[in-house]
Amino acid sequence: MGERFERHRQPWTYEELEKLKLLAKKGMALRAIAKAMTRSEESIKDRAKLDGIGIAKLR
């Protein structure tokens, strides 16, 4: 089962958005980004889509 996150529905800070852009640009996978930012994969995916940030897909 997935990990539980304590930060349920917390607003995104400017620093978090910059970190998301940086990690996505490095080509990190969704799961790795979520773990590094202590947010859910769904939260990362939704925010990346909202901001037009591409997340690498692992095959």
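Counted from 1, the sequence shown has number 170 at position 5 by my numbering; the numbering is strictly sequential. Ideal placement from N, C-alpha and C gives every residue a C-beta, glycine not left out.
Mind checking who Ala194 pairs with in its DSSP beta bridge? Here residue 194 is taken as the residue at index 29 of the sequence shown, counted from 1. Ala221.
So that I know if they touch, is there some Cβ in chain C lying closer than 8 Å to that of Gly219? Annotation note: the requested chain C is absent from the structure, which comprises a single protein chain.
For Ile220, collect the residues of the same chain with a Cβ closer than 6 Å to its Cβ; drop the 5 residues on either side in sequence, then sort them by chain order. Taking the first residue of the sequence shown as position 1, residue 220 is located at position 55. Result list for Ile220: Ala189, Leu195, Ala213, in chain order.
Sequence-distant residues of its chain with Cβ nearer than 7 Å to Gly217 (five each side left out): Within the sequence shown, the letter at position 52 stands for residue 217. Close CB contacts of Gly217 within its chain, under the 7 Å cut and outside five residues either way in sequence, are absent.
Counting only the same chain and skipping the five closest in sequence on each side, list residues whose C-beta sits under 7 Å from that of Ala201. As a first step, residue 201 must be located in the sequence shown, where it is residue number 36. Closer than 7 Å at Cβ, skipping near neighbours: Leu188.
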